[in-house]
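Residue numbers (the numbering used here): 25 to 398.
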C-alpha cells in the first residue's frame with residue numbers, strides 16, 4: 025500500500041485534531057491511543073495515522089485502534105520517537121508498506137496494523153489486566169487519602185450567573201460513545217431543559233446537535249473557539265496551587281472566566297459545581313467510571329472521581345451507554361402494555377422517593393420518544 029499526503033505532527037493528539045484536514049496523515053506520539061482520540065481522527069478524515077509508540081502496549085485491552093482500522097484508516101505503529109523530529113508539521117510524506125518517507129528518503133519504519141493484528145494484541149493484553157487492576161486500586165486508595173479533605177470538605181467554588189438550584193444539570197464529557205448517548209437523550213434535553221455543563225471539547229458535541237452549553241468547564245485545550253464564543257459561562261480548571269494554563273487562551277480571546285483550583289479531573293469539577301449549586305439531578309453523559317476508561321486517559325487511578333461520586337451521591341444518574349439500551353422502535357401496543365404493567369408500582373414508588381420520581385419522569389420521556397410524540 026502507498027499513501028501520500030500532508031503530515032500533521034503533534035505530540036498531543038487533541039492539539040493535532042484542531043489542524044487536521046480530510047486526506048492528511050496524522051503523526052502522533054500516543055501510546056495506547058484511546059477510543060475518543062481514534063474516533064476523532066477518523067471523523068476528521070485522517071487518511072493514515074503514523075504512531076511513534078505502540079497503539080496497544082499490552083497493559084490493557086485497548087480497543088481504540090480498532091476504530092481507525094474499521095474506518096479504513098491506514099495505521100503504521102511503533103515507528104519510534106525520532107519520527108516526531110524528522111517529520112515537521114506540513115511536510116509532504118509518503119507511506120510505503122511499513123516505511124515512512126520524506127523527500128524520497130526513509131525516515132522511519134514501523135508495523136502496519138490490521139484488524140487481525142490488533143485483535144491478536146488486544147487478546148494478549150487481557151491476560152495482563154489483573155496486574156493493572158492491582159496497581160490501579162492501590163493508587164486510587166493512596167490518592168483518596170490525600171485528596172479527601174479537598175474534595176469532601178467545604179471547598180470555595182466561584183459564583184455562577186447560571187441558576188442551577190432546583191434544576192437538572194446535564195454534564196457532558198468526551199468519553200466512549202458520548203455523541204451517541206447525547207443524541208439518545210435529545211428529547212430529555214428538549215423537554216426538561218437541564219443546565220448544560222460541557223467539559224472542554226464536549227461543548228462542540230452539544231453545538232453539533234443544536235444546543236449551546238450554559239457552562240464550559242476545563243483546561244480549555246480541546247474546545248473550539250466557536251464553542252467558547254457562544255456566550256457560555258467559562259470556568260477554568262486550575263491546579264491546586266492556582267496555576268491555570270487555560271486562562272491565557274481565554275484572555276487572548278477577550279473572554280471572561282472564573283478560575284477554580286481543585287484536585288482531580290475537569291469532569292469531577294463539573295459535577296461538584298452542579299452539586300454545590302443545588303442541582304436537583306445530575307445526568308452524566310460520557311463520564312469515566314471503569315478501569316478501562318481511566319487507563320484510556322492515561323490515568324493510574326480514580327481517587328478524585330471516587331470521592332466526587334461519594335459526595336454527589338444519589339443525585340447522579342450516569343447515562344453512559346444509554347444509546348445501546350434499545351436501538352429499535354417498539355410497537356405502540358407493546359408500549360401500552362408496558363405502561364399499564366409498570367404504572368401502579370412506579371406511581372407508588374414515586375410517592376415515596378424523590379429519586380424514583382426523577383426516574384419515572386425519564387421513563388415517560390423515553391416512552392414518548394418511542395411513540396413519536398416528540
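Just so it is clear, CB atoms sit at the ideal spot from N, CA and C, and this is done for glycine as well.
Source: prediction; values computed, not measured.
What do you reckon, are the CB atoms on residue i and residue j nearer than 9 Å?
i           : j           : result
residue 103 : residue 25  : no
residue 61  : residue 48  : no
residue 242 : residue 311 : no
residue 219 : residue 238 : yes
residue 248 : residue 228 : yes
residue 73  : residue 100 : yes
residue 221 : residue 235 : no
residue 301 : residue 189 : yes
residue 63  : residue 78  : no
residue 399 : residue 262 : The structure shown does not extend to residue 399, since the chain is modelled only from 25 through 398, so no value can be given for it.
residue 65  : residue 92  : yes
residue 308 : residue 295 : yes
Alpha carbon to alpha carbon, what distance is there between residue j and residue i?
i           : j           : result
residue 335 : residue 204 : 28 Å
residue 146 : residue 75  : 17 Å
residue 162 : residue 115 : 45 Å
residue 244 : residue 283 : 12 Å
residue 27  : residue 69  : 14 Å
residue 313 : residue 330 : 9 Å
residue 292 : residue 151 : 31 Å
residue 240 : residue 88  : 26 Å
residue 106 : residue 37  : 17 Å
residue 148 : residue 298 : 41 Å
residue 226 : residue 142 : 28 Å
residue 246 : residue 39  : 7 Å
residue 42  : residue 165 : 36 Å
residue 80  : residue 185 : 44 Å
residue 270 : residue 260 : 6 Å
residue 357 : residue 202 : At residue 357 the pLDDT is 49, less than 50, meaning the model places this residue with poor confidence and gives no usable figure here.
residue 33  : residue 216 : 43 Å
Following the continuous alpha helix (DSSP H) through residue i, name the residue where it begins and the one where it ends.
i           : result
residue 262 : Note, residue 262: premise wrong, no alpha helix (DSSP H); beta strand (DSSP E) at 257 to 262.
residue 182 : First-last for residue 182: undefined, no H or E at that position.
residue 231 : 226 to 232
residue 66  : 59 to 67
residue 342 : Taken as a continuous stretch (DSSP letters only), residue 342 belongs to no alpha helix (DSSP H), being part of the beta strand (DSSP E) at 340 to 342.
From which residue to which residue does the beta strand (DSSP E) around residue i run?
i           : result
residue 144 : Careful: residue 144 lies outside any beta strand (DSSP E), inside the alpha helix (DSSP H) at 139 to 149.
residue 25  : Residue 25 -> no beta strand (DSSP E), and no H or E assigned at all.
residue 44  : No beta strand (DSSP E) contains residue 44, which DSSP labels as neither H nor E.
residue 192 : 192 to 196
residue 126 : 123 to 126
Since I believe residue j is in contact with residue i (beta carbons under 8 Å), could you give me their beta-carbon distance rounded to a whole number of angstroms?
i           : j           : result
residue 90  : residue 139 : 7 Å
residue 192 : residue 303 : 7 Å
Does the distance between the C-beta of residue i and the nearest non-hydrogen atom of the ligand FAD fall short of 8 Å?
i           : result
residue 313 : Looking at this structure, you won't find the ligand FAD or any other ligand, since it has none at all.
Please go through the region 70 to 117 and give each complete alpha helix (DSSP H) segment of 4 or more residues, from N-terminal end onward. As far as the region 70 to 117 is concerned, its whole alpha helix (DSSP H) runs of at least 4 residues are 88 to 94 and 107 to 110.
In the region 266 to 317, which residue ranges form an unbroken alpha helix (DSSP H) of at least 4 residues, counting only runs that do not cross its ends? 270 to 276 and 290 to 300
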